[in-house]
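Protein chains in written order, with my numbering: chain W, 1 to 644; chain P, 645 to 813; chain U, 814 to 916. Virtual Cβ for every residue (Gly too), placed ideally from N, Cα, C. Everything below concerns the one structure shown next.
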Amino acid sequence: MEQLDFTILILALPLICFVVLGLCGMKMSHKVAGLLGSITLAGVTLLSYATAAIYFGAGRNMDGIYQTITPYNIKWLPLGETLSIDMGIMLDPISVMMLIVISTVSLMVHIYSLGYMKGEKGFQRYYAYLSLFTFSMLGLVVATNIFQMYVFWELVGVSSYLLIGFYYTKPAAIAASKKAFIVTRFADLFFLIGILLYGFYTGTYSFTPGEAVLISAGAVIPIALGLMFVGGAGKSAMFPLHIWLPDAMEGPTPVSALIHAATMVVAGVYLVARMFPIFIDFAPETLHIIAYVGAFTALYAAIVACVQTDIKRVLAFSTISQIAFMMVALGVCTSTDPHEGGLGYMASMFHLFTHAMFKGLLFLGAGAIIHAVHSNEKCHMGGLRKYMPITHITFLIACLAIAGIPPFSGFFSKDEILVACYSYSTMMGIFMSIVAALTAFYMFRLYYLIFWGKSHYEEQLSQYNAGTLDKKPHKPHEAPATMTIPLIILAVITLFAGFIPFGHFVSSNGHLYDIHLDWNVATISVVLAISGIFMATIMYIKGNSPITNAINHNMSNIIEAAYHRFYMDELWLFVTKRIIFNCISRPIAWFDRHIIDGTMDMLATVTQKIGDVVRPIQSGNVQSYSMWFLGGALVILTALIVFA
Amino acid sequence: MELSTNLLIFTGLSLLMITTAFAAVTTSRIMRAVTYLLFVLFGTAGLYFMVHYTFLGAVQIIVYAGGIVVLFIFAALLIGKGTIDITHTSKRRYFAGILTSMSGMCIALYLITNTNFVTDKFTVDGVTMKTLGNALMGTAKHNYVLSFEVLSILLLACMVGAIMIARKK
Amino acid sequence: MIVPAEFYLVLATVLFFIGVFGFFTRRNLISLLISTELMLNAVDINFAVFNAYCHPEHLEGFFFTMFGIGIAAAETAVAIAIIINVFRNAKSIHIKNMIELKH
Numbered sequence: 001m002e003q004l005d006f007t008i009l010i011l012a013l014p015l016i017c018f019v020v021l022g023l024c025g026m027k028m029s030h031k032v033a034g035l036l037g038s039i040t041l042a043g044v045t046l047l048s049y050a051t052a053a054i055y056f057g058a059g060r061n062m063d064g065i066y067q068t069i070t071p072y073n074i075k076w077l078p079l080g081e082t083l084s085i086d087m088g089i090m091l092d093p094i095s096v097m098m099l100i101v102i103s104t105v106s107l108m109v110h111i112y113s114l115g116y117m118k119g120e121k122g123f124q125r126y127y128a129y130l131s132l133f134t135f136s137m138l139g140l141v142v143a144t145n146i147f148q149m150y151v152f153w154e155l156v157g158v159s160s161y162l163l164i165g166f167y168y169t170k171p172a173a174i175a176a177s178k179k180a181f182i183v184t185r186f187a188d189l190f191f192l193i194g195i196l197l198y199g200f201y202t203g204t205y206s207f208t209p210g211e212a213v214l215i216s217a218g219a220v221i222p223i224a225l226g227l228m229f230v231g232g233a234g235k236s237a238m239f240p241l242h243i244w245l246p247d248a249m250e251g252p253t254p255v256s257a258l259i260h261a262a263t264m265v266v267a268g269v270y271l272v273a274r275m276f277p278i279f280i281d282f283a284p285e286t287l288h289i290i291a292y293v294g295a296f297t298a299l300y301a302a303i304v305a306c307v308q309t310d311i312k313r314v315l316a317f318s319t320i321s322q323i324a325f326m327m328v329a330l331g332v333c334t335s336t337d338p339h340e341g342g343l344g345y346m347a348s349m350f351h352l353f354t355h356a357m358f359k360g361l362l363f364l365g366a367g368a369i370i371h372a373v374h375s376n377e378k379c380h381m382g383g384l385r386k387y388m389p390i391t392h393i394t395f396l397i398a399c400l401a402i403a404g405i406p407p408f409s410g411f412f413s414k415d416e417i418l419v420a421c422y423s424y425s426t427m428m429g430i431f432m433s434i435v436a437a438l439t440a441f442y443m444f445r446l447y448y449l450i451f452w453g454k455s456h457y458e459e460q461l462s463q464y465n466a467g468t469l470d471k472k473p474h475k476p477h478e479a480p481a482t483m484t485i486p487l488i489i490l491a492v493i494t495l496f497a498g499f500i501p502f503g504h505f506v507s508s509n510g511h512l513y514d515i516h517l518d519w520n521v522a523t524i525s526v527v528l529a530i531s532g533i534f535m536a537t538i539m540y541i542k543g544n545s546p547i548t549n550a551i552n553h554n555m556s557n558i559i560e561a562a563y564h565r566f567y568m569d570e571l572w573l574f575v576t577k578r579i580i581f582n583c584i585s586r587p588i589a590w591f592d593r594h595i596i597d598g599t600m601d602m603l604a605t606v607t608q609k610i611g612d613v614v615r616p617i618q619s620g621n622v623q624s625y626s627m628w629f630l631g632g633a634l635v636i637l638t639a640l641i642v643f644a
Numbered sequence: 645m646e647l648s649t650n651l652l653i654f655t656g657l658s659l660l661m662i663t664t665a666f667a668a669v670t671t672s673r674i675m676r677a678v679t680y681l682l683f684v685l686f687g688t689a690g691l692y693f694m695v696h697y698t699f700l701g702a703v704q705i706i707v708y709a710g711g712i713v714v715l716f717i718f719a720a721l722l723i724g725k726g727t728i729d730i731t732h733t734s735k736r737r738y739f740a741g742i743l744t745s746m747s748g749m750c751i752a753l754y755l756i757t758n759t760n761f762v763t764d765k766f767t768v769d770g771v772t773m774k775t776l777g778n779a780l781m782g783t784a785k786h787n788y789v790l791s792f793e794v795l796s797i798l799l800l801a802c803m804v805g806a807i808m809i810a811r812k813k
Numbered sequence: 814m815i816v817p818a819e820f821y822l823v824l825a826t827v828l829f830f831i832g833v834f835g836f837f838t839r840r841n842l843i844s845l846l847i848s849t850e851l852m853l854n855a856v857d858i859n860f861a862v863f864n865a866y867c868h869p870e871h872l873e874g875f876f877f878t879m880f881g882i883g884i885a886a887a888e889t890a891v892a893i894a895i896i897i898n899v900f901r902n903a904k905s906i907h908i909k910n911m912i913e914l915k916h
C-alpha cells in the first residue's frame with residue numbers, strides 16, 4: 001500500500017523536533033519552543049489518524065483479517081544468513097491502535113504542559129525530552145521485529161529517566177530517576193537474554209518466525225518468552241519490579257500522565273500482546289504464570305492505593321493495578337479464537353485503550369489540582385469542587401470510568417476482562433471482581449478527599465481571620481484554558497470510547513468480533529463497583545466519619561503496612577544492600593583492589609626496585625661504561641674460547 | 645739457552661717499558677707521568693729498531709717524543725699545577741679496574757701462547773728508503789698514496805678543529 | 814739469535830693492559846689521555862711485529878703503524894684542545910665532573 005509511505009513521518013517528525021529543540025532550544029523563547037513541540041505533535045496525531053483511517057478503511061482481505069503491512073523494512077545489521085536486525089515500520093491492528101493512543105495522549109500532554117510548565121526553567125529542554133519520548137514510544141509500537149522493539153524500548157527507558165529527573169536540582173527526583181532506570185534496566189537484562197535465546201534458536205528476530213523453527217526450538221521458547229516477560233514486567237511495573245513507578249511521580253505531572261499512565265508502562269502489555277500468537281501456541285503455561293503475577297499485582301497495588309496520602313501515588317498504584325488487569329486478561333487466554341478463550345486479548349487491548357484515556361485524564365486533573373494548591377498531599381486539599389468546577393467534573397468522569405460504571409468507557413473494557421477471567425476459572429473471575437470493587441473504593445476515596453470534605457483553604461482562611469495564622473492562604477483557582485481543554489477532550493473520549501466496536505478492529509485471531517455484554521458478569525461488576533463507591537462515600541464524604549476512625553483504629557497495623565507498601569522497598573534495599581552488596585560486591589571489590597590491583601602494584605614495585613638497583617650503572621662516567629664494555633667483551637670472548 | 649745480544653737488549657727494553665708504563669699510570673704527579681710516558685715511547689722506538697724498521701723508529705721518536713709529549717707538557721703547564729689532582733678513584737673501582745685488566749690480560753696471553761704464528765719470514769734486511777718512498781707515493785697495489793693524502797687532510801682538519809675548540813670565545 | 818715474535822706480543826699485551834688499567838682508574842683527563850697513548854703504542858708494536866715476522870714483503874703493518882702515529886698526534890692535539898676548553902668552562906679537569914652522558 002503505497003499511500004502508507006508517509007508513516008515514516010510519524011517517526012521522523014518528533015525526532016527532528018527533538019534535535020531542533022535540543023540543539024537550538026535555548027535560543028528560542030518558551031512560547032516558540034512549546035508551540036513548535038505541540039504543532040509537531042499535532043501533525044503526528046493527524047498522520048496517525050490518517051494511517052488508521054487508511055489502514056482500517058482498506059478493509060479486510062480474503063481471510064477476513066486486516067493485512068499486516070510493512071511500508072519500510074531495512075536490513076540494518078546482518079548477523080548471519082537468516083539472522084539480521086531490521087529497522088522498519090510495521091502496521092497491524094494493535095500497532096495502529098497504539099499509534100492513536102500514544103499520539104492522542106501525547107498531544108494532550110503537550111498542550112497541557114504549555115500551561116502547566118509555564119515559566120519553568122528548562123521549558124525547552126522539557127519539550128525536547130517529550131519529543132524524544134514520543135519518538136521512541138512510536139518507534140517501539142511500529143517495530144517490525146523484537147530487536148528493533150528492544151532498541152526503542154531502551155530509548156523509552158532513557159527518555160523516561162530524563163523526564164523523571166527533569167527537576168535535576170531536587171534530590172528526590174534524581175533518586176527516583178536513578179531508581180526507575182536501574183530497576184527497568186535490570187529487568188531489561190532478562191529481556192535481552194530472552195531476545196538472544198529467541199534469536200539463537202529460531203534464527204530470526206521476527207515476530208512470526210514460522211511454525212517449523214518454533215517446534216524445533218522446543219522447550220527454549222517458553223523460557224525465552226518468560227525472560228522477555230520479565231523485561232515487560234519491569235517496564236509495566238509488575239510485582240515485584242513495581243517499586244520504581246510510585247517514586248517516578250517526582251517528575252512533572254504531565255510526564256506522569258504521558259509516561260507512567262498511558263504509554264510507557266503499557267509497553268510490557270504491548271510486548272506480551274505482540275508475542276501473543278507464539279505464547280498461545282508454544283508457551284501457554286508461561287502465559288498463565290503471567291496471569292497469576294498480574295492478579296497478585298492487581299490486588300497488592302489496589303490495597304496499597306487505598307491508604308496512600310499523596311494523590312499522585314494513589315494514581316500510580318492504581319496504574320499498576322490497572323496494567324495488571326491487562327496482563328491478567330492476556331494471561332487467561334487459552335486459544336486464539338475470541339469466542340472460545342481468546343477474548344482476553346481483545347479485552348486487554350481495549351482496556352489499554354480506554355485506560356490510557358481516563359488515566360491520562362486523572363493524572364492531568366491531578367496536575368491541575370497540584371497546580372492550584374501547590375501540594376501533593378490530600379490534607380492540603382478538600383472541598384475543591386467549588387473552586388475548580390471543570391477539573392471536578394472531568395475528574396469525576398474519569399473516576400466513574402475507572403470504577404466501571406456504565407456507560408463510561410472503563411465499564412466496557414473491564415467487563416470484557418472479567419468475562420475472560422470467569423471463562424478461564426471462576427476463582428480468577430471472583431478475585432478480579434474483588435480487585436475491581438477495591439478500585440472503585442480507592443478511586444472514590446481519592447475523589448472525596450480532594451473535592452469534598454472540609455476545605456483546607458477555608459480552614460486556613462478562618463484561622464487567618466482569627467489572627468492565628470500570619471500568612472494569607474493561597475486561594476485555589478481553576479486552571480488556565482491550555483490545561484482545561486485537554487481535560488475536556490479526554491473526558492469526552494472517556495465518555496464515548498466504550499461504544500467503539502473495538503472487536504471490529506482488534507481481536508486475537510484478527511477476525512471480526514462483536515462485543516456483547518455478559519449480563520451476569522456486568523451485573524456483578526456494577527454492583528461491586530457501586531458498593532465500593534458507597535463504602536467510600538460513607539467513609540470519606542465528610543472529613544471525619546466515625547466509621548473511618550473505627551476502621552483506622554482497629555486495623556492500624558494493616559493500614560500502616562499498606563501505607564509503607566508492605567515494605568517492598570525495604571525488602572529490595574535489604575536484598576541489594578545487605579545481601580548483594582555485602583556478600584557479592586564487597587568480596588569482588590576486595591578481590592579487585594587487593595589481588596588485581598595488588599598484582600599490578602607488585603609488578604610496578606618490582607620494576608621500580610630493579611630500576612633502583614640498575615640505575616647507578618648509568619652513572620654518566622665514561623670509565624665505568626668502558627669497564628662494563630670490556631667486561632662484557634671478555635665474557636663473550638671467554639665463551640667463544642670455551643665453547644668454540 | 646744461549647743468551648744472545650738481541651735477547652739481552654729486548655729483555656732490558658721490556659723491563660724498562662713495563663716499569664715506566666706502570667709508573668706512568670700510578671704516579672700522582674702529572675709531570676712525572678708524562679716523563680714516564682716518554683720513556684715508554686723511547687722503548688717502543690727501540691723495539692722498532694730491533695725489527696730493523698729504522699724509519700718507523702725515527703718517526704716514533706720525532707712525532708711521539710718530540711711532538712706529543714711536548715703537547716702534554718704544555719697542557720699540564722697551561723692547566724696549572726694546583727688544579728691537577730691525580731689521585732686514584734675509590735678503592736672499589738680501583739680493584740675492579742685491576743680485576744678487569746688482569747683478566748683481560750690473562751685471556752690475551754692465553755690466546756697468544758696457544759696460537760701458532762707463522763713467523764719464519766723475518767729478515768734482518770729491514771726496508772730501504774727507496775722501497776718506502778715508492779710504497780708511500782705509489783698508486784699500485786700495496787701502495788699507500790691515498791691513505792697518505794687522506795691522513796694529510798685529517799691532520800689539517802685536526803689543526804683547524806683544535807684551534808676552533810681551544811680558542812677563547 | 815732472533816727474538817721470537819711471541820715475546821714482542823706478550824710485551825705489547827702487558828703494555829696494553831697497563832694502559833687499560835690506567836684508563837679505568839685515573840681521575841684526570843690528561844692522565845686518561847696518557848693511558849690511551851700507552852694502549853695505542855702497544856697496538857702499534859703489534860702491527861710492526863706482525864709485519865716484520867709474517868708478511869715482510871708488503872709493508873702493510875709498517876704503514877699502518879706510521880699512519881697510526883700520525884693519527885695519534887692529531888687525536889692528542891684535538892683531545893688537549895678539548896681538555897683546555899673543558900677546564901676553561903668547569904675550572905677543573907676532574908673526571909667526576911664529566912657525567913653529561915648520564916642525561
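Residue-level contact to chain U via CB, residue i, 7 angstroms cutoff
i, result
"F766 of chain P", "yes"
"N650 of chain P", "yes"
Cβ of residue i within 7 angstroms of any chain P Cβ
i, result
"A887 of chain U", "yes"
"G874 of chain U", "no"
"N854 of chain U", "yes"
"F834 of chain U", "yes"
Coil, strand or helix - residue i by DSSP
i, result
"I882 of chain U", "helix"
"Y72 of chain W", "strand"
"S672 of chain P", "coil"
"I434 of chain W", "helix"
"D247 of chain W", "helix"
"G650 of chain W", "Any answer about residue 650 of chain W is impossible in this case: the structure gives chain W only from 1 up to 644."
"P406 of chain W", "coil"
"P240 of chain W", "coil"
"N841 of chain U", "strand"
"M645 of chain P", "Residue placement at M645 of chain P cannot be trusted, given a pLDDT of 48 that sits under 50; what the coordinates show is reported in the next sentence. Three-state result, M645 of chain P: coil."
7 angstroms Cβ cutoff, residue i in contact with chain W
i, result
"T744 of chain P", "yes"
"F829 of chain U", "no"
8 angstroms Cβ cut-off: residues of chain W touching residue i
i, result
"S747 of chain P", "L634"
"M911 of chain U", "G620, N621, V622"
Contacts of residue i in chain P (Cβ-Cβ under 7 angstroms)
i, result
"M879 of chain U", "L700, V703"
Supposed contact pair residue j and residue i - C-beta distance, whole angstroms, cut 8 angstroms
i, j, result
"T263 of chain W", "I102 of chain W", "5 angstroms"
"E819 of chain U", "I756 of chain P", "6 angstroms"
"I847 of chain U", "Q704 of chain P", "The pair is not a contact, with the Cβ atoms about 16 angstroms apart (cut-off 8 angstroms)."
"L241 of chain W", "A187 of chain W", "5 angstroms"
"F282 of chain W", "L214 of chain W", "5 angstroms"
"T204 of chain W", "T82 of chain W", "6 angstroms"
Per-residue contacts from residue i into chain P (C-beta, under 9 angstroms)
i, result
"T849 of chain U", "Those do not exist, as T849 of chain U stays about 11 angstroms from chain P at its closest Cβ, beyond 9 angstroms."
Contacts that residue i makes with chain U (C-beta to C-beta distance below 9 angstroms)
i, result
"R737 of chain P", "F837, T838"
Chain-ordered chain U contacts of residue i [CB-CB under 8 angstroms]
i, result
"M781 of chain P", "The contacting residues do not exist; M781 of chain P stays about 12 angstroms from chain U at best."
Neighbour list for residue i in chain W, Cβ cutoff strictly below 7 angstroms
i, result
"I751 of chain P", "L634, L637, T638"
Q) Between the segment 619-638 of chain W and chain U, which residues of the former have CB atoms less than 8 angstroms from a CB of the latter, in chain order? A) S619, G620, N621, V622, Q623, Y625, S626, M627, L630
Q: Note down, in chain order, all residues in the segment 892-911 of chain U with a beta-carbon under 9 angstroms from any beta-carbon belonging to chain W.
A: I908, K909, M911
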